[in-house]
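Here's the structure we're looking at; comments come further down.
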Amino acid sequence: MSTMENLALGALALLLLFWVRPGINAAIARGKQTPADWQSLVLPIGLVVMFVLFLIAMV
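First residue of the sequence shown? That's 5 in this note's numbering, and the numbers climb one at a time after it.
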């Protein structure tokens with residue numbers, strides 16, 4: 005890509021970052037106020053891992 009395209013892409017990335025920053029900050033603040041519920045994350049990941057291992061074993 006040319007230098008102008010790189011500069012335009014960089015400027016667009018910075019504008020996008022500044023545009024979504026308030027939403028990201030609000031999401032981080034809400035995340036700090038909620039209790040941690042790790043089981044709701046670990047259970048689906050564990051099930052997916054077990055399913056993948058099952059598929060590998062079936063080959």
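A virtual CB, placed ideally from N, CA and C, is assigned to each residue, including glycine.
Exercise for the section: Could you have a look at residue 5 and say whether DSSP puts it in helix, strand or coil? Expected result: coil
Problem - Residues of its chain near residue 39, where Cβ-Cβ distance is below 8 angstroms and the 5 sequence neighbours each way are ignored - result: none
Problem - Where residue 39 sits in the DSSP three-state scheme - result: coil
Handout entry: Close-in-space but distant-in-sequence residues of the same chain around residue 17 (CB under 7 angstroms, 5 per side omitted)
Key = none
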